[in-house]
Structures are given as C-alpha cells and as structure tokens.
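*Asks:* Provided herewith is a single structure, encoded as structure tokens, for subsequent inquiry.
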Amino acid sequence: DAKTTQPNSMESNEEEPVHLPCNHSTISGTDYIHWYRQLPSQGPEYVIHGLTSNVNNRMASLAIAEDRKSSTLILHRATLRDAAVYYCILRAVARGEGMRFGAGTRLTVKP
Amino acid sequence: DGGITQSPKYLFRKEGQNVTLSCEQNLNHDAMYWYRQDPGQGLRLIYYSQIVNDFQKGDIAEGYSVSREKKESFPLTVTSAQKNPTAFYLCASSIPGFDNYGYTFGSGTRLTVV
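Chains as they are written, first to last, in the numbering used here: chain A, 17 to 127; chain B, 4 to 117.
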C-alpha cells in the first residue's frame, strides 16, 4: 500500500468543525482512501472511504483533492466522543492483503 | 447482531508458555486478519487469511502461528519464540478483493506476559 502522512496530533474545541489532513502523494489511480478511528482500548472503527469524489456519511465527510494527492476528513461538530486516533489508509484494488496502519493523528477535543 | 468476538479481553501468561487468542466472526466474511498494537503505536499486521485453509504472513509473523479451519474462526497462537509478546492484539474481518469495503474489528485482547 502507498504511504500516507498525517500530523501526529491535533486539538479541537467541542462543537467546532475539525479538519484532519492526510497526504498521499504516491497514490495510484486505483487506490481507495480509507479512514478509521480508534478510541482508547478499542479496536479501530471504519469511518469513511472514497476514490475520487467527495463523500458524506452520518459520521463524517471526506474531501479528496482534485489530483488525489491529499484528502481531508471533516468532522462537522466535534464532540468529546470523537477524541480518538484517526488513521488514513490507502487500499490497492483487489490486492487482498491486510491493511497497513501508520501512527495516525491523535485528536484531542476540549470542552 | 453480526460482529467479531475476541476472547478473553485480558490474558496473563508466564514467560515461555504458548498462548492462543480466540477470534470468531458471524459476518460471513471470507477474509480475516490479526494485528498487534504496542502502546502509542499504530497496528502491525501479523497474519491474514483470505479463505478457509489458507493464510499468509504479514509484516511481523515471527513467533506467531495461526490456523483457519473454519470460516468463522481464526485463532492466533503466540509462541515462546515471540520475544516481546506483551501487546494489544486485534482481529478483523472483511470481504476480500473489494477494497472499497471496510474492515470490522473486534474489541481486542490485551496480553501480558510476566
């Protein structure tokens, strides 16, 4: 899987939007962009994924740059329960291998 | 509800003993995965299996073994050859070959070797 780069940590205030960036300059045309988050002492949880177009679901939005070399996970109104480590991962189509996780971004939400 | 069950949640073993971690899923997923996580680190892939009776080494397979005799089950054995076995172990499942499909993770087993 191609490499991604994320900031080690970010802070946000409760009820404010959060933009979590991810750089993936070596992305190939068939790589999907996946986001997962991991709350303390739990397994990761799927958040959202996309290929080229921006995506929205009940948890978050994913904004993908036109050249696909970067993406941003958007939490529209951060809550204390959104404090977690967020992982941005590229998945090659139909490779079948396990996903490789980087260190992710640790999001702290302040009340 | 469908999901992945890992048991036990906490496990203590003496150094030199083998220990087997359980992972069961009722999602009808063909692919299953084992990851290890050390404090403050991301997940590292130990083994994965895309179909029953077949499995592949991940990035840190040394000192671990797996079996995949049933679709629902993918147990991981931490052997005495694993030098630093104390860690948080996570199991996941998915549909192989569909990379626009997410993984489902279990809640993990925290193994402490004393």
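Note that CB positions come from ideal geometry on N, CA and C, so glycine has one too.
Are there three or more Cβ pairs, one per stretch, closer than 8 Å when the segment 111-125 of chain A is compared with the segment 19-34 of chain A?
*Replies:* Touching, per the Cβ criterion.
*Asks:* How would you call F1/B, buried or exposed, if buried means at least 16 neighbouring beta carbons within 10 angstroms?
*Replies:* Nothing about residue 1/B can be reported from this structure: the residues present for chain B run from 4 to 117 only.
*Asks:* Using 10 angstroms around the beta-carbon of G45/A, count the other beta-carbons present and answer buried if the total reaches 16, otherwise exposed.
*Replies:* Working through the first sequence from its first residue, we reach residue 45/A at position 29. Classification for G45/A: exposed.
*Asks:* Report yes or no: is there a C-beta of chain A within less than 9 Å of the C-beta of F15/B?
*Replies:* In the second sequence, the residue the question calls residue 15/B occupies position 12. Chain A, which has no Cβ nearer than 9 Å to the Cβ of F15/B, makes this no.
*Asks:* Given a limit of 9 Å on CB to CB distance, which residues of the segment 22-40 of chain B reach chain A?
*Replies:* Listed by position along the chain: A34, Y36, W37, Y38, Q40.
*Asks:* Taking all protein chains shown into account, decide if P60/A is buried (16 or more other Cβ within 10 angstroms of its Cβ) or exposed.
*Replies:* In the first sequence, the residue the question calls residue 60/A occupies position 44. By the neighbour-count rule (16 or more Cβ atoms within 10 Å), P60/A is buried.
*Asks:* Leaving aside the five residues before and after H50/A along the sequence, list all residues of the same chain whose C-beta is less than 6 Å from its C-beta, in chain order.
*Replies:* If you number the first sequence from 1, residue 50/A lands on position 34. Contacts found: H65, I105, R107.
*Asks:* The segment 51-66 of chain B: which residues have C-beta closer than 7 Å to a C-beta of chain A, in chain order?
*Replies:* Taking 7 Å as the Cβ-Cβ cut-off against chain A, the residues of the segment 51-66 of chain B that qualify are Y51, Q53, G61.
*Asks:* Consult DSSP for D47/A and reduce its assignment to one of helix, strand or coil.
*Replies:* Counting from 1 along the first sequence, the entry for residue 47/A is found at position 31. Note: D47/A maps to coil in three-state DSSP.
*Asks:* Can you tell me whether R53/A sits near the ligand MG, meaning its C-beta is under 8 Å from at least one heavy atom of the ligand?
*Replies:* Ligands in the displayed structure: none, and consequently the ligand MG is not present.
*Asks:* Quick check on the burial criterion: 16 or more other C-beta atoms within 10 angstroms. Buried or exposed for H47/A?
*Replies:* Numbered from 1 along the first sequence, position 31 holds the residue referred to as residue 47/A. Note on identity: in this sequence residue 47/A is Asp, with His being the wrong assignment. Buried, by the Cβ-count rule.
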